[in-house]
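Below you'll find the structure, written out as structure tokens, and then a few comments.
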Amino acid sequence: MAALHINPPENFTFSTPCNWSKWKMRFERYRIASGLSTKTGNEQVNSLLYIMGEQAEDIFSSFGLSEMEQDDFDIVLKKFNDHFVVKKNTIFERAQFNKRVQLDGESVNTFITALYTLSEHCEYGVLHDELIRDRIVVGIRDKNLSEKLQLDADLTLTKVIERVRLSEVVKEQQEKMIEKDNASVNAISPNKPAKFLKQKPSSGARKQNV
């Protein structure tokens, strides 16, 4: 059976360092799926530099690592993390998270994904899931559902996600049923009855009546 060929991620775009975390995640998946993670540290470091692109060489040289450190993949990766990832303003990040509400026309899934993304730099620690749960409950557009969820003392993040998704699906189904019923009614509604003109009796008929 032929071995599965895994393509590496595209070169890193150095002009947008904010995308480093996402690119690194792609590289980590490639590293594991391709078997690169089982290679020597030197091979892994060289693969990282090659796949990142030419500019990676200059940045790597600026780290001033010893020969032993240059062959340690974890050390090299951490250096690139320190280089690209700017220390976040936790207060600002949390403020952005706490202001986020479900927008008009925005699906529940999109809203939840946005909350997960915003929470990445909030450093909530063990409270992470609870705070996302709370933000979903108070941030959804359906205020009736929000009130019901707040009354559930055993509400978990998994449970709230299931309920808001189910509620959205049911609403969409109801809207489709209403549209279908309206279309059916319109299709079978009779048109206004045609007005029949009263025909004048023919002259022959008048003579017979006489």
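First residue of the sequence shown: 1, per the UniProt record's numbering; consecutive thereafter.
Glycine included, every Cβ here is placed at the ideal spot set by N, Cα and C.
Suppose the cutoff is 7 Å on Cβ atoms and the five residues either side in sequence are ignored; what does the same chain contact list for residue i look like?
{"i": "V160", "result": "R133, I136, V137 and L149"}
{"i": "A114", "result": "R100"}
{"i": "S146", "result": "V137, V138 and I140"}
{"i": "I112", "result": "I136 and I161"}
{"i": "I6", "result": "Y30, A33 and S34"}
{"i": "D72", "result": "G41"}
{"i": "F63", "result": "K79"}
Within its chain, find whatever has a CB closer than 8 Å to the CB of residue i; leave out the 5 residues flanking it on each side and keep chain order.
{"i": "N81", "result": "W20 and K24"}
{"i": "N11", "result": "I51, M52 and G53"}
{"i": "F196", "result": "Reliability of the predicted coordinates at F196 is poor, the pLDDT of 49 falling under 50, and the value obtained from them is presented with this limitation in mind. No residues qualify anywhere along the chain."}
Since residue i is in the alpha helix (DSSP H), which residue starts that stretch and which ends it?
{"i": "Y30", "result": "W20 to A33"}
{"i": "A114", "result": "V108 to S119"}
{"i": "G41", "result": "G41 to M52"}
{"i": "L77", "result": "F73 to F84"}
{"i": "L65", "result": "Here L65 belongs to no alpha helix (DSSP H), and DSSP marks it neither H nor E."}
{"i": "V137", "result": "H128 to G139"}
{"i": "L151", "result": "No alpha helix (DSSP H) contains L151, which DSSP labels as neither H nor E."}
{"i": "F92", "result": "T90 to K99"}
Going by CA-CA distance only, name the one from the options that's closest to residue i.
{"i": "residue 233", "options": "C18, T16, L48 and N42", "result": "Here the chain covers residues 1 to 210 and nothing more, so residue 233 does not appear."}
{"i": "N42", "options": "K22, F27, F111 and D74", "result": "D74"}
{"i": "F97", "options": "L77, E120 and K78", "result": "E120"}
{"i": "A95", "options": "S107, L118 and V76", "result": "L118"}
{"i": "I59", "options": "E67, Q44, S66 and V76", "result": "V76"}
{"i": "S167", "options": "H128, T158, I178 and V108", "result": "V108"}
{"i": "L127", "options": "N144, T156 and D152", "result": "T156"}
Please list, in chain order, all residues of the same chain as residue i whose beta carbon is under 6 Å from its beta carbon, the five residues on each side excluded.
{"i": "Y124", "result": "L131"}
{"i": "F14", "result": "Q55"}
Legend entry - At least 3 beta-carbon pairs within less than 8 Å: the region 74-91 vs the region 102-118: In the pairwise beta carbon analysis, the region 74-91 is classified as not touching the region 102-118: fewer than three pairs are separated by under 8 Å.
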